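Have a look at the structure below before the remarks.
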Amino acid sequence: MFTLNTIKKSQLVSGPVREIGVQVRSITGTMPNGNRYESALERDFMLLMDFDLAVDVYTPQPLTIRYQDRDGDWHRYTPDGLVEWRKDLKPHDPRPLLVEIKYREAFQGEWRVWRERMRAARRYAEERGWQFLVITERDIRNPFLDNVRFLLPYRRRPGPVQTDQWVLDKLTELIESTPQELIESLYQDKWNRAALIPVVWCLLAERRIGCDLTQPLTMQSTLWTLR
């Protein structure tokens, strides 16, 4: 993630956000919750925010900052998003997070322009007790994102509460297991075992069981109880 430690004095005011339009290397669309994105990278970041249980609200293009550059000219800059955290959970840093989401190549040849924007955004965030980060594909495109894409549909899967509890109780008994070992400990026949696999993925998507999701998820991944 990019950060800037030095901030130039600037005038910063909230203003109207920009409308999402067609841009170079853009893929516009709308998430299931109604949030709109203007690049595949923004879409992927929104998936991560949707999966993170500590996130209360993610607002795309939440505000516009007016700032003055070193030549005295005024400009307007709209960051890509604002992350607000839930009050009932304790994220690693509870401060709202203002973000710019860009492919690294977008900064090539325009670093001076982006440096002024980042300084203005960081100053704006600090004045409000927030933090500001620039997030690139190196922060987003990894095995964790692949796992999130796979697991999110299972979070919305309705299922019998009794079956969920049965699987949770068994994992508590085992303390640690794998998806393969867990379903084999519950059923002998392959058809019932196959029916339990979506249950395991749902519990994992809901973060009711533990797993290292920074590594590729397989039937041999280590699972553990969170009780």
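Mapped onto the UniProt record's numbering, the consecutive letters of the sequence shown carry residue numbers 1 to 227.
Virtual Cβ for every residue (Gly too), placed ideally from N, Cα, C.
Remember, it's a predicted structure, so these values are computed and weren't measured experimentally.
- Message: Is LEU82 close to chain C? Criterion is C-beta to C-beta, closer than 8 Å.
- Response: Although the question refers to chain C, the structure presented lacks it and comprises just one protein chain.
- Item | Cβ shell of ASN142 (< 8 Å), same chain only, five flanking positions each side left out | Shown here for ASN142: same chain residues with a beta carbon closer than 8 Å to its own, the five before and five after excluded, namely THR214 in chain order.
- Query: What runs of the beta strand (DSSP E), each 3 residues or longer, lie entirely inside the segment 58-130?
  - Reply: If we require 3 residues or more, the beta strand (DSSP E) runs fully inside the segment 58-130 come out as 65-68, 74-77, 81-85, 97-101.
- Query: In whole angstroms, what separates the C-alpha of ARG115 from that of LEU97?
  - Reply: Spanning the two alpha carbons is a distance of roughly 18 Å.
- Query: Taking C-alpha atoms, which residue in ARG157, LEU174, MET31 lies nearest to PRO60?
  - Reply: It is MET31.
- Query: What did DSSP end up calling TYR187 once you bin it into helix, strand or coil?
  - Reply: TYR187: coil per DSSP, three-state reduction.
- Within 8 Å, strictly: CB atoms of ASP169 and PRO216: Note that the C-beta distance between ASP169 and PRO216 is not below 8 Å.
- Query: What separation, rounded to the nearest whole angstrom, lies between the Cα atoms of GLU181 and GLY109?
  - Reply: Computed Cα separation, rounded: 53 Å.
- ILE65 classed as buried or exposed, judged by whether at least 16 other C-beta atoms fall within 10 angstroms: ILE65 should be labelled buried.
- Message: Nearest by alpha-carbon distance to PHE45: which of ASP139, GLN68, ALA125 is it?
- Response: Out of ASP139, GLN68, ALA125, ASP139 has the C-alpha closest to the C-alpha of PHE45.
- Query: Among the residues of its own chain, which have a CB less than 7 Å from the CB of ASP164, if the five just before and after it don't count?
  - Reply: Within the same chain, and ignoring the five residues on either side of ASP164 in sequence, the residues whose Cβ sits closer than 7 Å to its Cβ are VAL199, LEU203.
- Item | Boundaries (first-last residue) of the alpha helix (DSSP H) holding ILE140 | Counting along the chain, the alpha helix (DSSP H) containing ILE140 begins and ends at 137-140.
- Message: Once the 5 residues before and after GLY21 are set aside, which same chain residues still bring their CB inside 6 Å of it?
- Response: Note that GLY21 scores a pLDDT of 42, beneath 50, so its modelled location is shaky and nothing firm can be said.
- Message: At the level of alpha carbons, what is the spacing between LEU196 and ARG156?
- Response: If you take the alpha carbons of LEU196 and ARG156, they lie about 16 Å apart.
- Item | Where the beta strand (DSSP E) containing THR225 begins and where it ends | That run of the beta strand (DSSP E) goes 223-225.
- Who are the Cβ neighbours of PHE144 in its own chain at under 8 Å, not counting the five residues just before and after it? Answer for PHE144: LEU48, LEU213, THR214, listed in chain order.
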